[in-house]
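A.B. asks: Quick one: structure below, then a few questions.
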Amino acid sequence: MSHEPAQPGLLRRLAPALSLFLLAPFVGEYLLGNVSVRMLFLLPMLALMYGAGALFIRELTRRTGRGWPTILALGLAYAVAEEGLADMSLFDPNFVGLHLLNAGRLFGIGWTWWIYVLTLHVVWSIGASIGLTEALFARRGTGPWLGKVGLVVSGLVFVLGVTLTQLSFHAKYQLVGWQVALSLGLIAVSTAVAFLLPRPRPTGAPGRAGSVPRPWLVTAGTVVAAGLFHVAEWLLPGGWPIPVDLALYAAVGAAVTLLARRTGWTLRHRYALVAGAVLTYCGVGFVLVPKHPVDIAGQVVFALIGAGLAVLAARKVHTATTPAYDERAAVPVR
Numbered sequence: 113m114s115h116e117p118a119q120p121g122l123l124r125r126l127a128p129a130l131s132l133f134l135l136a137p138f139v140g141e142y143l144l145g146n147v148s149v150r151m152l153f154l155l156p157m158l159a160l161m162y163g164a165g166a167l168f169i170r171e172l173t174r175r176t177g178r179g180w181p182t183i184l185a186l187g188l189a190y191a192v193a194e195e196g197l198a199d200m201s202l203f204d205p206n207f208v209g210l211h212l213l214n215a216g217r218l219f220g221i222g223w224t225w226w227i228y229v230l231t232l233h234v235v236w237s238i239g240a241s242i243g244l245t246e247a248l249f250a251r252r253g254t255g256p257w258l259g260k261v262g263l264v265v266s267g268l269v270f271v272l273g274v275t276l277t278q279l280s281f282h283a284k285y286q287l288v289g290w291q292v293a294l295s296l297g298l299i300a301v302s303t304a305v306a307f308l309l310p311r312p313r314p315t316g317a318p319g320r321a322g323s324v325p326r327p328w329l330v331t332a333g334t335v336v337a338a339g340l341f342h343v344a345e346w347l348l349p350g351g352w353p354i355p356v357d358l359a360l361y362a363a364v365g366a367a368v369t370l371l372a373r374r375t376g377w378t379l380r381h382r383y384a385l386v387a388g389a390v391l392t393y394c395g396v397g398f399v400l401v402p403k404h405p406v407d408i409a410g411q412v413v414f415a416l417i418g419a420g421l422a423v424l425a426a427r428k429v430h431t432a433t434t435p436a437y438d439e440r441a442a443v444p445v446r
């Protein structure tokens, strides 16, 4: 008689992929406060672009044995695809009537808006969404969630989402040749860089000597840095947010690169960065959401969901990093 453990059902095996498919638009639009609870019916439509894009990036990265530098570089390619080709906010001077390109404008580009919105997608729409989902399913490790067919399908659905979004904005603004070429060029360069970046250190490989802060301090530091990023965009005029953004990039990038190479840097620390990003959006949403009672009430619910998922994910990571956890739960999808 065979005593092999039963394979989990299809829904359970696909749960991480389905979760990311829905979490990416939730984090990228609803938790941010950019889309209110009264527009919840748009979630499936937004998932075609946000969800499929994040899923494709995650699967492509993990299938090729790469790590977070690749995810973030591909996140930049995603950001340009959405903001340059889909809703065209990088080029439309009157995007949703907000004149976002007036600040920090040079050589026909509104640098303040470019840096801000592209960072939103790299860090939150893609980075935080993938990090949160991987933490919620920490026992599954960093292996693929989909087979090869699923990878291709997620890519095709993403292209469909970009196309449908572009069509919905086409009547308000049409791209010209140099804008399309610039967007495609940036996507190509970001994608190339993503696969030229070094692979993560092999599991069990010794790191460098040195201390690392406790995970809760990493989360707190992330909230402070992310908060400064948003406050600079809201309060500083013209192009003044740009030097603040660049300084934050340099400081955070240097700190994470240094600490991540040390022996004591673990999955809990990596998730602490994600938790800080998610918790920041829980607060930012109240600044951006329309000040209607229904919208504010909806944002309270979104913030509670976001914070609750962050706490739940922390518990999952804690369990997965405890030596005695049951590794049989990690079932790859073929």
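Residue numbers (the numbering used here): 113 to 446. Yeah, the Cβ is synthetic: ideal placement off N, Cα and C, and Gly gets one too.
How would you label Leu-122, buried or exposed, when you count the other beta carbons within 10 angstroms and need 16 or more for buried?
C.D. replies: Position 10 of the sequence shown, counted from the start, is the residue given in the question as residue 122. Classification of Leu-122: exposed, given that the 10 Å Cβ count is below 16.
A.B. asks: Quick one: Cα of Gly-420 to Cα of Val-139, how far?
C.D. replies: The sequence position of residue 420 within the sequence shown is 308, counting from 1. The sequence position of residue 139 within the sequence shown is 27, counting from 1. Rounded to whole angstroms, Gly-420 to Val-139 spans 13 Å at the Cα level.
A.B. asks: Quick one: any contact between the segment 229 to 238 and the segment 262 to 270, if contact means 3 or more CB pairs under 8 Å?
C.D. replies: Output reads no: the segment 262 to 270 does not touch the segment 229 to 238.
A.B. asks: Run the CB neighbour count on His-404, radius 10 Å, all protein chains shown included, and call it buried at 16 or more, exposed below.
C.D. replies: In the sequence shown, counting from the first residue as 1, residue 404 sits at position 292. By the neighbour-count rule (16 or more Cβ atoms within 10 Å), His-404 is not buried but exposed.
A.B. asks: According to DSSP, simplified to helix, strand and coil, what is Gly-339?
C.D. replies: Position 227 of the sequence shown holds residue 339. In this structure, Gly-339 counts as helix in the three-state DSSP scheme.
A.B. asks: As a quick exercise: from Val-356, Val-396, Leu-188, Glu-195, pick the residue whose alpha carbon is nearest that of Ser-302.
C.D. replies: Counted from its first residue, the sequence shown places residue 302 at position 190. Checked all of Val-356, Val-396, Leu-188, Glu-195; the closest Cα to Ser-302 is Leu-188.
A.B. asks: Which residue marks the beginning of the alpha helix (DSSP H) containing Ser-131, and which one marks its end?
C.D. replies: Taking the first residue of the sequence shown as 1, we reach residue 131 at position 19. 122 to 137 is the span of the alpha helix (DSSP H), which, as asked, contains Ser-131.
A.B. asks: Can you find the residues in the same chain that come closer than 6 Å, C-beta to C-beta, to Phe-168, ignoring five residues on each side of it along the sequence?
C.D. replies: Residue numbering aside, residue 168 sits at position 56 when the sequence shown is read from its first letter. Contacts found: Ser-266, Gly-267, Phe-270.
A.B. asks: Under 7 Å Cβ to Cβ from Pro-327, same chain only, skipping five residues before and after it: list those, please.
C.D. replies: Working through the sequence shown from its first residue, we reach residue 327 at position 215. These residues qualify, in order along the chain: Arg-380, His-381, Ala-384.
A.B. asks: Spatial neighbours of Ala-415 within its chain, please: CB distance less than 8 Å, with the 5 preceding and 5 following residues excluded, ordered by chain position.
C.D. replies: Here residue 415 refers to the residue found at position 303 of the sequence shown. Same-chain partners within the cutoff: Leu-143, Cys-394, Gly-395, Gly-397, Phe-398.
A.B. asks: From the DSSP output, in three-state form, read off Gly-222 for me.
C.D. replies: If you number the sequence shown from 1, residue 222 lands on position 110. Looking at Gly-222 - three-state DSSP - the assignment turns out to be strand.
A.B. asks: What separation, rounded to the nearest whole angstrom, lies between the Cα atoms of Val-413 and Ala-240?
C.D. replies: Position 301 of the sequence shown, counting from 1, holds the residue named residue 413. Position 128 of the sequence shown, counting from 1, holds the residue named residue 240. When rounded, the distance between both Cα atoms is 19 Å.
A.B. asks: So what does DSSP say about Arg-374, is it helix, strand or coil?
C.D. replies: One-based indexing of the sequence shown puts residue 374 at position 262. If DSSP states are grouped into helix, strand and coil, Arg-374 belongs with the strands.
A.B. asks: For Phe-451, which residues of its own chain have a beta-carbon under 6 Å away from its beta-carbon, when the five flanking residues on both sides are left out?
C.D. replies: With the chain covering 113 to 446 only, the question about residue 451 has no answer from this structure.
A.B. asks: Strictly by DSSP, which residues pair up with Arg-320?
C.D. replies: As a working mapping, residue 320 is identified with position 208 in the sequence shown. Per DSSP, Arg-374.
A.B. asks: Count the other CB atoms, across all protein chains shown, that sit within 10 Å of the CB of Leu-135; report buried if there are 16 or more and exposed otherwise.
C.D. replies: By one-based count along the sequence shown, residue 135 stands at place 23. The residue is buried, with at least 16 neighbouring Cβ atoms inside 10 Å.
A.B. asks: Could you name each continuous alpha helix (DSSP H) segment of 4 residues or more that falls completely within the segment 173 to 261, going from the start of the chain to the end?
C.D. replies: Taking only runs of at least 4 residues, the alpha helix (DSSP H) segments lying wholly in the segment 173 to 261 are 180 to 192, 223 to 231, 241 to 248.
A.B. asks: When DSSP labels each residue in this structure, what does Pro-355 get in the three-state scheme?
C.D. replies: Position 243 of the sequence shown, counting from 1, holds the residue named residue 355. It is helical.
A.B. asks: Tell whether a beta-carbon distance below 8 Å holds between Ala-362 and Gly-273.
C.D. replies: Counted from its first residue, the sequence shown places residue 362 at position 250. Counted from its first residue, the sequence shown places residue 273 at position 161. Contact: no.
A.B. asks: Quick check: what's the CA-CA separation for Thr-431 versus Pro-128?
C.D. replies: As a position in the sequence shown, residue 431 is number 319, starting the count at 1. As a position in the sequence shown, residue 128 is number 16, starting the count at 1. C-alpha separation (whole angstroms): 17 Å.
A.B. asks: Would you kindly check if the distance between the Cβ of Gly-222 and the Cβ of Leu-212 is under 8 Å?
C.D. replies: Here residue 212 corresponds to residue number 100 of the sequence shown, with the count starting at 1. Here residue 222 corresponds to residue number 110 of the sequence shown, with the count starting at 1. Yes, Cβ-Cβ distance for Leu-212 and Gly-222 is below 8 Å.
A.B. asks: Measure the alpha-carbon distance for Ala-191 versus Gln-278 and round it to whole angstroms.
C.D. replies: Working through the sequence shown from its first residue, we reach residue 191 at position 79. Working through the sequence shown from its first residue, we reach residue 278 at position 166. Approximately 14 Å, taken between the alpha carbons.
A.B. asks: For a test of the three-state rule: what should DSSP assign to Ala-283, helix, strand or coil?
C.D. replies: The sequence position of residue 283 within the sequence shown is 171, counting from 1. Residue state, collapsed to three classes: coil.
A.B. asks: Classify Pro-353 as buried or exposed, calling it buried when 16 or more other Cβ atoms lie within 10 Å of its own Cβ.
C.D. replies: Looking up residue 353 in the sequence shown gives position 241. Pro-353 is buried by the Cβ-count criterion.
A.B. asks: Count the other C-beta atoms from every protein chain shown that fall within 10 angstroms of the C-beta of Phe-249, then say buried if there are 16 or more, exposed otherwise.
C.D. replies: For the purposes of this step, residue 249 is identified with residue 137 of the sequence shown, where counting begins at 1. Label assigned to Phe-249: buried.
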